[in-house]
Amino acid sequence: MEPKYLTVLADCCQKIFTEMTRTEVVKVSVKRDERLKEMYAVAQVAPYEDFPKKVTGKFIMGFTDERLAVAVAAAIAEHLDLPLPRRFDDHAGELLNEFMNVVVGHTITGWDKMGLRISFSPPTSVRNVNIRDAAFGGQEAYMIVLDLGVERLVFTVTYTDANREQLRRRILVVDDSSIIRGILSKNLIEAGFTVEVAEDGEVAMDKHQTFRPHLTVMDLNMPNVGGLDAMQEICRRDRQAKFIVLTSTARRDEELIARSLNVLSYMVKPVQMQEFLTIVREALE
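Numbered by this note's numbering, the letters in the sequence shown go through residues 5 to 289 in order.
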């Protein structure tokens, strides 16, 4: 994430926190967190994405113990002339969510003026957050730390670029035709995917175990071990395996069997490349 966006977030965090809690911020620091080691007793989490859906991430305000979360919620309640929470309950969570909502709203308004147009979901309270978990992490994570003197308040923004994330996606192409294997693998590689190929179902079963693809493109009619038999064995070993089926026929019985094996799409040759790439991307979302 570019520094100019982080500067806007840091300024909003400091300004809104000072206004809504009447608490002085001694110092604000911004740093990239490459270790993602934080554990939070409670956190306010607001997912976001940009409008073309190329960038996703989360705004996270984390508290290492509930005591600080209750103290911040109480300061916000006092400012809004509302009852003060005595423990971390729904009232405290709602106060912190409202604060988070204002911070994120002001931040994305500033980002919009810079050309980064994102939408965000309302923040929610989550307990026992491990920032390393896939549900909260991203390709990059940055911390905005508000030094309050005795305590510190940490905001984390995670950032994942879908175009870069795509480079990590592995696809296994299985077809007995070297021409088809070559055409499909060439276009998938050019689209940014990591690709392995197999010439029949037997080779595919072995490669699936070692390559661990996120998606397998499987021809049905092949010598030695056919596509249906290979998919059945792969599914037996890996219940999460996903497939796109290619075939030169349109037999109803084959399609019905294929549909029972985590097949996300069934395509009859000849393959239209743009349609194929679109289906691949949708299958990996």
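In this text, a Cβ means the ideal position worked out from N, Cα and C, and glycines have one as well. Computed from a predicted structure; not experimentally measured.
Practice task
Could you have a look at ARG36 and say whether DSSP puts it in helix, strand or coil?
Solution key: strand
Problem - Simplified DSSP state of PHE103, which is helix, strand or coil - result: helix
Problem - PRO51 in three-state terms, based on DSSP - result: In this structure, PRO51 counts as strand in the three-state DSSP scheme.
Handout entry: Bridge-paired residues (DSSP) for GLY61
Key = TYR52
Handout entry: Secondary structure, beta strand (DSSP E): runs of 3+ residues fully inside the stretch 204-280
Key = 219-223, 247-251 and 267-272, all fully within the stretch 204-280.
Handout entry: ASP85 in three-state terms, based on DSSP
Key = Correct three-state label for ASP85: coil.
Handout entry: Cα-Cα separation between HIS218 and PRO127, rounded to whole angstroms
Key = In a straight line, the C-alpha of HIS218 is about 31 Å away from that of PRO127.
Problem - When SER181, THR111 and ALA79 are compared against GLY97, the one with the closest alpha-carbon - result: Comparing Cα positions, the closest option is ALA79.
Exercise for the section: Kindly indicate if chain B contains any beta-carbon less than 8 Å away from that of PRO51. Expected result: The displayed structure is made up of one protein chain only, and chain B is not part of it.
Problem - SER129 vs LEU100 beta-carbon contact at 8 Å - result: yes
Problem - C-beta contact flag for MET147 and THR160 at 8 Å - result: yes
Exercise for the section: Can you grab the Cα-Cα spacing for the pair ARG91 / ARG241, in whole Å? Expected result: 48 Å
Practice task
Look at the alpha carbon of GLU28 and the alpha carbon of LYS19, and state the distance between them as a whole number of angstroms.
Solution key: Going by the C-alpha atoms only, they are around 10 Å apart.
Practice task
May I have the straight-line CA-CA distance separating PHE63 from GLU203, to the nearest angstrom?
Solution key: 46 Å
Problem - Assigned secondary structure, GLY351 (DSSP; H/G/I helix, E/B strand, else coil) - result: The structure shown does not extend to residue 351, since the chain spans only 5 to 289, so no value can be given for it.
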